[in-house]
Every structure is written in C-alpha cells, then in structure tokens.
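Under full-length UniProt numbering, residues 1 to 486 are what the sequence shown spells out, in order.
Structure first, commentary second.
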Amino acid sequence: MSALIEVLKNYYAGRLVEVDSKESHPVYNPAFGKVIAHAPETPKEQVDEAIENAKKAQEEWAAIPVTERIKRLFVLERLLREKADELARVITIEHGKTFEEAKGEVVRAYENVEASCAAVYHMMGKNNLEISRGIDEELYRVPVGVFAVISPFNFPLMVPFWFLPYAVALGNSVVVKPSEKTPLSMNFVTKLFDEAGFPPGVISVINGAAKTVDAILENKLVAGVSFVGSTPVAEYVYKKGCANHKRVQAGASAKNFEVVMPDADLSLAIPSLISSFFGNAGERCLAGSVLVTFPENHDEVLKRFTEAAKKLRLGYGLEPDVDMGPLIRREHLERVRSYVELGVSEGAKLVLDGRNAKVERYQNGFFMGPTIFDQVEPDMRIAKEEIFGPVASVITCKNLEHAIEVINSSRYGNASTIFTTSGSAARKFVKSVQAGNIGVNVGVAAPIAFYPFAGLKDSFFGDLHAQGGDDMIYFFTERKVVISRW
Ligand code: NAD
C-alpha cells in the first residue's frame, strides 16, 4: 500500500477515527484503472465501539421532539443540494458513471431527505375514545434503536439515503457500512452530517467488507439491518440478521425484461431502452437485460436499438460528451466478457461486441462497449443470470402471453417494462408480471422517494421495502398500544 494513498477513517462519535487494521481494500478510479484510496476492514472491537456509541446517542436523540429532529434534515437536504456538483464528481471518480448520471444519483439522495421531513405525520398514531365502556385505546409509534445500512458499490450515495434519513427522522441512530469498492461519497458526506447539526453518534460511517458486516450482524445492540447487494449476500445477511433477532430488509440482484410490443412508439422506446440497458454501464439493478421482441417487429427493433447503441461514446465520466463510463473493476470486466463468450457458446448470435472497446486516453480503464445478442433462448444462462454490465439479450416471443410466461419463469422480480400504445396490453402486463417495479413506456422503473422500491422473488428478502411510504414507517418504528380506564 503506498504511503501517499489515503487510508479512509471511520466516522463515529462525531469525529474521524483511525482504523486499527492491517487489512484493507483498494478503491479505484475505474476509468484510470488506478488505486486512489484504501478502505480498511474494521476490526470487531472497533465496530462494537461505534455501535455502542450509536446506542448512547440514540437514547438522547429519541428524546428530542421530532419537530426538532427534522430541522437537521432540512439543513442536510440544503447542504446536499449545494454540494451536488462536488458530490457527483466524487461518485464519478470512484464508480465511473458519467457526471450527469452521478448528479441524478445525488438528486435521488436528497429527495429521500425531503420525504423523511414528513416524519411528524409518519409518527402519528391512532386512537379510539370509548373503544369499550370507560376504556380508551391509543397507538403510538416509537423509535426502535440502532440500525445498520450495508450498501452496494453501484449507487454509493443514493442507496444509503434510501434508509438513513427515515431512520434518523423517526428517532433512531444509524451506522452505514458503504461498499468497500466505492466508499468515498459516504465518507465525503460525513462532513455534512456535522454541519447539519446532528449530535455526535446519531449517524456513523464505518468502512470494511464481509468481516465488518459479520461484526455488525453479531452485535446485539443493532436492532435492524437495511441491506442492498447481490442475492447470495442478501440471503446470507437476511438469515444471519434474523437468527440474531434483528429486523432485516435486503434488496438483491435482478434480471430485468423490457418488452417492446409491435404497436410501440419506437421513437420513444429506443432512447429509453438505450438508457436502461447501457446507462451506468449496465451496473444498475433496474437495468434492462433482456429485450423482448415479436416476429412482427423484431428486425426493426433490433436494427434501431443496435444503431443507437453503436453511437454511445465511452470515456471518463468527468469529461464532456461521454455517454458510458467503465465497469467497476478489472475482474468484473473479465466476468462480463466471460458471459459474452458463454452466450456465443450457448448459440446466441453476437450482433454487437463491446469486449475490445478501448478509450484512447484511458488505456488502463475497465471499459466495455455496448454488447447485443440476438436469437437468445429463455433457458440460456445469459437470459437467466445477472450479468451486471452493458450486455443485452434479445428474445423473440410469439405474443404477450408468451412474453409474460418467459418473464415469470425468472428467479428474479426486480423490474419489468412494457412499451406499447395499447391500454389493454399494458393492463394485462401490470396485472400478470411478477416484478415489483413495473414500467409502462418507462425504461428504468425507479420509484421516487415516496414509494417503496418493491423488488420481488429472489430480488428481495424481507417484507418491508426501501424508501418512503408506509414500509419505512413500519421498519423504523415500534408500535405501543395503550389501553386506559380513568
Ligand atoms: P455485494 O453483494 O457484493 O456487496 C454488497 C454489500 O455486501 C457490500 O457492502 C459488501 O461489502 C458486502 N458484502 C460482500 N460480500 C459479503 C459477504 N460475503 N458477507 C457479508 N457482506 C458482504 O454487491 P455489489 O457487487 O456491491 O452490488 C451489486 C449487486 O447489488 C447486484 O447484484 C445488484 O443487482 C444489486 N443491487 C440491488 C439493488 C436493489 O434494490 N435490489 C440496488 C442496487 C444494487
């Protein structure tokens, strides 16, 4: 490890704390292929110290009226807006997505802070006078304790903000463990937590990977865990968290289908599809992965989709006119490339091959160009497994019923989209498709902050989903019922 490269510190008790660890993970600028920082693995004793501190802070925080708690969130929201460009730069540097994509991520983050400011209403309970003779009954919502947020590499700022603002607005404290691959943006915002006036310990950020997660899951003071990442890890965290008596919500992997009906308006559909399949270099849990066409429109859809994909410009996301950045790591690039080899060996027709894409100025970057397979069959692995890169598989179905059958055979149920001008086709799709986030003429079916992020099947473990709406209120509060006779 070079002495010149920063080793990140943890943030708890309102200050930056050096991590006493020999183990760390390199953080790259993936466009340059260069290590820019190290995220230490936090030893168990230090994880416990941070959580004990968060527990003490939570007890005092919960005693502060909700009307006062949300004042800090109003300030945080303003600071995130003011720092949006600076933050977006950090996201691009550590993740590789374009500056515009990164700015979109910052917007999604502060929209969740806005939504959490309705906590006064969220905390309201219920009551009945004279529920029985001489008896009144009331329900109060109360804070729970310490929550942990464990997030993936692909939305380093937005995903923690799916949970953090609601948890603290509702009177809890929160310990965030960002992805060790992209920890810089959450480390950056720790300054803003101080500036917004959160008391020390209400929000903490600790670095690390699997071992740090285990220490969190084993700590008895953690009441609940909000996890987002791949399905095997989500399942592991869900099981271990529940076994340790925690409430757990765990968003997981995806394989999303985008259906283009023969009556679809292609001038609307094609740009939406391009953004869905290749935005964020395909490293999005809502990314289109399988494109469903029909015999009547297959040739035209494939031609226009391929032509548009060929025009995408690869490069470093902080430079102008770049449409697509690199993948997160060289190993991931190799994994995505191996899926392309697999598709060829499975008999799919490779019509656009992005494996050898190069960006002149960034020869060491982890770049891969848009890649399109045609003649994909539903039982091929490239049609079933999450690739998490800019690879589209085109399947041709007989009709809408057939398309729905293929979609519903997937183990995943994160998102599905239909492009159509027919209300009845759209209605049938919405009713029948087993996906939690459904797009109708919308390529990336991303719910806004006030709605839950509603993955199904192996794309989610738990019952209460991320983001606003009732799910967050139930996840981050307990109910107390008082039965009184006077
Ligand atoms: P990942 O599962 O590798 O890592 C997620 C988190 O778990 C990280 O913080 C990581 O440090 C930790 N972790 C990794 N291995 C672990 C282990 N063995 N034990 C305990 N903790 C461990 O996921 P990723 O590669 O960072 O993110 C990409 C995945 O996340 C994709 O599958 C994508 O579909 C999914 N994702 C899902 C959603 C959603 O809402 N459903 C949103 C974004 C990303």
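Glycine included, every Cβ here is placed at the ideal spot set by N, Cα and C.
Computed from a prediction, not measured in an experiment: that's the story for all the values here.
Nearest in C-alpha terms to Glu100, of all of Val7, Val66, Glu195, Tyr316, is Tyr316. Between Tyr166 and Phe461, the C-beta spacing is not below 9 Å. With contacts defined as CB atoms closer than 9 Å, Pro295 and Thr396 qualify as a contacting pair. Taking a cut-off of 8 Å on C-beta distances, the region 38-51 does not touch the region 69-79, as fewer than three cross pairs fall below it.
The Cβ-Cβ distance between Leu192 and Asn437 does not fall below 9 Å. The shortest C-alpha to C-alpha distance from Phe188 to any of Asn207, Val481, Asn53 is the one to Asn207. The region 390-473 contains, as complete beta strand (DSSP E) runs of 3+ residues, the segments 391-396, 415-419, 437-440 (chain order). The Cβ atoms of Gly125 and Ser179 lie no closer than 9 Å to each other.
A distance below 9 Å separates the beta carbons of Leu352 and Ala309. The residue among His402, Gly413, Val442 with its C-alpha nearest the C-alpha of Thr421 is Val442.
Thr231 has its CB nearer than 8 Å to a heavy atom of the ligand NAD. Per DSSP, reduced to three states, the secondary structure at Met380 is coil, with no helix or strand assignment. If you draw a 10 Å sphere on the C-beta of Ala109, you find 16 or more other C-beta atoms in it, and that means buried.
Taking the Cα positions, Ile404 is about 15 Å away from Leu456.
Between Val107 and Val168, the alpha-carbon positions lie close to 19 Å from each other. A straight-line Cα-Cα distance of about 43 Å links Gln249 and Glu360. Counting C-beta pairs with one atom in each stretch, the region 199-217 and the region 14-29 have three or more that are closer than 8 Å, which means they touch. Along the region 20-80, the beta strand (DSSP E) occurs as fully enclosed runs of 3 or more residues at 24-29, 34-40, listed in sequence order. Checking the 8 Å criterion, the Cβ of Lys239 is out of range of every heavy atom belonging to the ligand NAD. From the listed residues Leu80, Ile91, Glu59, the smallest Cα separation to Phe153 is found for Ile91.
Taking a cut-off of 8 Å on C-beta distances, the region 463-473 does not touch the region 256-273, as fewer than three cross pairs fall below it. For Cys242 and Leu217, the gap between their C-alpha atoms comes out near 9 Å. Within the model, the alpha-carbon separation for Arg329 versus Arg141 is close to 44 Å. Looking at Leu266, Arg78, Ala223, the one whose alpha-carbon comes closest to that of Gly197 is Arg78. Straight across, the Cα-Cα distance linking Gly439 with Gly224 is about 31 Å. Beyond the five residues adjoining it in sequence on each side, Ser185 comes within less than 8 Å, by CB distance, of Leu87, Val90, Ile91, Glu94, Pro156, Leu157, Pro178 in the same chain, given in chain order. The closest heavy atom of the ligand NAD lies less than 8 Å from the beta carbon of Glu386. Not one heavy atom of the ligand NAD lies closer than 8 Å to the C-beta of Val391. In this structure, Gly201 sits near Ala54, with a CB-CB distance shorter than 9 Å. For Gly251, the distance from the CB to the nearest heavy atom of the ligand NAD is below 8 Å. The C-beta separation of Glu386 from Leu327 comes to about 14 Å, leaving the pair out of contact by the 8 Å criterion.
Using a Cβ distance threshold of 9 Å, Asn244 and Ala449 do not count as a contacting pair.
Here Pro143 carries a strand assignment [DSSP, helix/strand/coil]. Going by DSSP, Arg335 is part of the alpha helix (DSSP H) stretching over 330-346. Secondary structure note for Lys480: its beta strand (DSSP E) is the uninterrupted segment 477-485. When the beta-carbon positions are compared, Val222 and Ile407 stay at least 9 Å from each other.
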